[in-house]
Amino acid sequence: MSEKAHTAAELLRELFPESYREIFGERPLNTPPTLGLYPVADGRLALVHGNQLAEFTPIAPKGSTALHCDLCHHTRSRSEAQMYRVVVGSRRTRYVTLCTPTEGCQQRAGERGLEALADHIFPIENIYAE
């Protein structure tokens with residue numbers, strides 16, 4: 001698995017867009033928003049699309065039937081795929097199946113596949129009352 005290094009400015013732009021704009025100004029209009037699926041702690045995944053972030057929490061495997069990957073659309077055995085829960089609003093959850101590891105899956109799906117997955121997940125409602 002190759003590790004991708006990010007600069008402090010990139011992390012600030014993705015995780016804290018308002019602070020980034022205060023410090024660095026607006027993002028140039030000719031650059032596309034960041035789009036990617038990244039591994040985080042405890043087997044979770046993070047889907048990043050521009051300034052939006054969704055957390056994929058793995059679900060314990062049950063059953064022995066094959067799973068269909070929602071990203072690359074390949075059918076995988078239980079040992080080669082994982083189901084994830086994504087909270088998208090108050091009392092609203094989406095379930096996603098992805099190949100494990102996801103690097104090869106993302107390469108098979110390409111940019112269009114990631115955009116389709118992001119369109120399925122985003123926008124995420126604000127869960128907490130302000």
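Residue numbers (the numbering used here): 1 to 130. Note that beta-carbon positions come from the ideal geometry of N, C-alpha and C, so glycine has one too.
Residue i, DSSP secondary structure in three states
i: G50; result: coil
i: P61; result: coil
i: L98; result: strand
i: R85; result: strand
i: E80; result: coil
i: H68; result: strand
i: R21; result: helix
i: L29; result: Caution is warranted here: a pLDDT of 44 is assigned to L29, below 50, making its placement in the model unreliable, and the coordinate value is therefore given only provisionally. Residue state, collapsed to three classes: coil.
i: R92; result: strand
i: I121; result: helix
According to DSSP, residues forming a beta bridge with residue i
i: P39; result: L45
i: F111; result: For the record, residue 111 in the displayed sequence is Glu; it is not Phe. For E111, which the question treats as bridged, DSSP gives no partner whatsoever.
i: F16; result: Answer by DSSP bridge pairing: none, since F16 is not bridged.
Cβ-based neighbour list, residue i, same chain, cut-off 7 Å, excluding 5 preceding and 5 following
i: C72; result: C99, C105, R108, A109 and G113
Chain-order list of residues whose beta-carbon lies under 6 Å from that of residue i (same chain, five-residue window excluded)
i: R13; result: Y20
Own chain partners of residue i with C-beta closer than 8 Å, once the 5 adjacent residues on each side are dropped
i: R78; result: P61, G63, S64, T65, A66 and L67
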